[in-house]
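Participant: Just passing along the structure, written as C-alpha cells.
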Amino acid sequence: MLLHEGLFLFIWFPALQVKVRKLEYTNSYCRVELRCQSSCQPKHQSYIWIKNGQEILRETSSSVFVSVYPADKYSCALEGYKEFPSPSVYAPQLPSVSISPSGEIVENRKVILTCSSDANPAANYSWYKEDKQKPVSNESQLIFSSIQASDTGKYHCVAANPLGRKRCQQKHINVKYAPRLPSVLAIPSGETGEGSSVTLTCSSDANPGATYTWYKEGDKSPKASGQNFVISNVRPEHSGSYSCVAQNTRGRQSFSVHLTVVKDPSVKIMNIIRLTLVVLMLIPVVVLCLWTRKGETLSSGTGPIEAAEMMQCASDSVYQNISA
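Numbered by mature numbering (1 follows the signal peptide of the UniProt record, and there is no 0), the letters in the sequence shown go through residues -17 to -1, 1 to 307 in order.
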C-alpha cells in the first residue's frame, strides 16, 4: 500500500495451514482431527472453520473433529481475517496415469508409469498388478528398467492421504515381443510309411501372434503357410528337413524337423503274397506241360516195337501151316 511518494506500507497476515490427523476410515468417509496452525498466533484468538466455501464453526480451540467425505474441502481462518483463509485440505481426486514412452510397449525397453492426483495433504501412492493385495511399488512412479513379457497385465495406482483414498482405472500393459524358438512336431512321429499322410505342426509364443511359413531344405520357395502343413500320400522324395519360420512385426525364429519316408511293409508283404500265388498257380501248369511232353515221347518210342512183334507172330503162323 502506497502511503506517500516513496513510502510503502506492507501488511503481513499470519500464514495459516490445517494439519490433519486421521482417526477412523470407512469406505464412505474419514473421521479426522483438524488443527489450524498459525505462524503468529495472538492470544485469545478465535478460529473460523470453513467447509466447501461456507463458514460452519467458530471455535476458540484450534482443533475440531469432523467427518470428511470425498468431495469435502476444509480450511480455517482467524476471526476478523476470514478473507485470508488457509489453503483447503481435501482427499485425493481421481488419479491420472501416464505411460512413457507412449505408443507400443516393446520387450527389454525401459517403461515408466506415473500416477498423479490433486490432494492436500499431498498423496502417497501405491501400484498394484491385477487384483493382488500386495503392492508392486509404493512410489508415484512404477519403473520397468527392462520390461519383459511376464510384466504384461493390468495395473492400477491408489492415491491416499489422511482424508481418503482414490483408485485410478486399470491400465493394460501389453508387452510386444518377437517369436520364441518354435516347437515343431510330426504326427505320426518317427519314420513315415510310403503312401500314408503326415502332419507337421509348428507353434511359437509371440506377441503379436506369429505367422508360419514352411520350407524344405534346398528349396527357396515356401512349401506351405499356416501352423499345420499336411503332406498326403508321401513318397520317398518327400524325405528331408522341413523348416518352420515363425514371424511377427518384432522379429522371426525358425526350427527344423527331419522327415524320413520308408516303403510301406504291408505293400512289400502284398507283393510277396502276389508273387507266391503266381508261383503256386504256375506249378501245376509246368507239371502238366512236362507230363504231356513225356507222354508224347513214350508214344513215339513204342510204335516200331509193336510192328516187329506183329511180324514175328505172322511168321510163326506160316511155319506152323507148312509143318502141317
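Glycine residues also receive a C-beta, built at the ideal position from the N, C-alpha and C atoms.
#1: Does the beta-carbon of H155 have 16 or more other beta-carbons within 10 angstroms, so that it is buried, or is it exposed?
#2: With three or more beta-carbon pairs closer than 8 Å as the criterion, would you say the segment 46 to 66 touches the segment 128 to 139?
#3: Going by C-alpha distance, which of I31, C140 and K117 is nearest S109?
#4: Between the segment 237 to 245 and the segment 213 to 227, do at least 3 Cβ pairs fall closer than 8 Å?
#5: Taking only the alpha-carbon atoms, compute the straight-line gap between I31 and Q20 and give it to the nearest angstrom.
#6: Going residue by residue through the segment 84 to 144, where are the continuous beta strand (DSSP E) segments of at least 3 residues, counting only ones entirely within it?
#7: As a quick exercise: from I214, T275, V217 and T194, pick the residue whose alpha carbon is nearest that of S208.
#8: Using a Cβ-Cβ distance under 8 Å, would Q28 count as near chain B?
#9: On the three-pair Cβ rule with 8 Å, is the segment 75 to 95 touching the segment 151 to 168?
#10: Got a sec, what are the start and stop residues for the beta strand (DSSP E) K65 sits in?
#11: Would you report the Cα separation of E66 and A142, rounded to the nearest angstrom?
#12: Pick helix, strand or coil for C272, following the three-state DSSP scheme.
#13: Bridge partners for K246 per DSSP, in chain order?
#14: Is S166 closer than 8 Å to S179 when the C-beta atoms are compared?
#15: Under a Cβ-count criterion, where at least 16 other Cβ atoms within 10 Å of its own Cβ denotes burial, should S44 be classed as buried or exposed?
#16: Is T182 helix, strand or coil when you go by DSSP?
#17: Whole-angstrom Cβ separation of Q28 and L61, contact assumed at under 8 Å?
#18: DSSP three-state call for T259: helix, strand or coil?
#19: Would you mind sorting P219 into buried or exposed? The rule is 16 or more other CB atoms within 10 Å of its CB.
#20: Out of A189, V217 and R235, which one is the CA nearest neighbour of T196?
#21: For L(-2), name the three-state secondary structure that DSSP assigns.
#22: Cβ of L96 within 8 Å of Cβ of Q124?
Facilitator: In brief:
#1: For the purposes of this step, residue 155 is taken as the residue at position 172 of the sequence shown. H155 is exposed by the Cβ-count criterion.
#2: no
#3: Position 126 of the sequence shown, counted from the first residue, corresponds to residue 109. Minimum Cα distance to S109 is reached at C140.
#4: yes
#5: The residue you call residue 31 lines up with position 48 of the sequence shown. The residue you call residue 20 lines up with position 37 of the sequence shown. Near 12 Å, if we compare the C-alpha coordinates of Q20 and I31.
#6: 94 to 99, 107 to 112, 124 to 127 and 136 to 144
#7: The sequence position of residue 208 within the sequence shown is 225, counting from 1. The residue with the shortest Cα to Cα distance from S208 is T194.
#8: In the displayed structure, chain B is absent; only one protein chain is listed.
#9: yes
#10: In the sequence shown, counting from the first residue as 1, residue 65 sits at position 82. No beta strand (DSSP E) contains K65, which DSSP labels as neither H nor E.
#11: Along the sequence shown, one-based indexing puts residue 66 at 83. Along the sequence shown, one-based indexing puts residue 142 at 159. Each residue's Cα considered, the two are about 31 Å apart.
#12: Sequence index remark: in the sequence shown, residue 272 carries index 289 (1-based). Of the three classes helix, strand and coil, the one that applies to C272 here is helix, per DSSP.
#13: As a working mapping, residue 246 is identified with position 263 in the sequence shown. For K246, which the question treats as bridged, DSSP gives no partner whatsoever.
#14: Numbered from 1 along the sequence shown, position 196 holds the residue referred to as residue 179. Numbered from 1 along the sequence shown, position 183 holds the residue referred to as residue 166. Contact flag unset, no.
#15: Taking the sequence shown and counting its residues from 1, one reaches residue 44 at position 61. Counting Cβ neighbours within 10 Å, S44 comes out exposed, since fewer than 16 surround it.
#16: For this step, residue 182 is matched to residue 199 along the sequence shown. T182 falls in the strand class under three-state DSSP.
#17: Your numbering for residue 28 matches position 45 in the sequence shown. Your numbering for residue 61 matches position 78 in the sequence shown. So it is a contact: roughly 6 Å between Cβ atoms.
#18: Residue 259 sits at position 276 when you count from the first residue of the sequence shown. The answer is helix: DSSP assigns T259 an H, G or I state.
#19: Position 236 of the sequence shown, counted from the first residue, corresponds to residue 219. Exposed, by the Cβ-count rule.
#20: The residue you call residue 196 lines up with position 213 of the sequence shown. When only C-alpha atoms are compared, the closest one is R235.
#21: By one-based count along the sequence shown, residue -2 stands at place 16. Strand.
#22: Within the sequence shown, residue 96 is the residue found at index 113, counting from 1. Within the sequence shown, residue 124 is the residue found at index 141, counting from 1. Their beta carbons are under 8 Å apart, which means L96 touches Q124 by this criterion.
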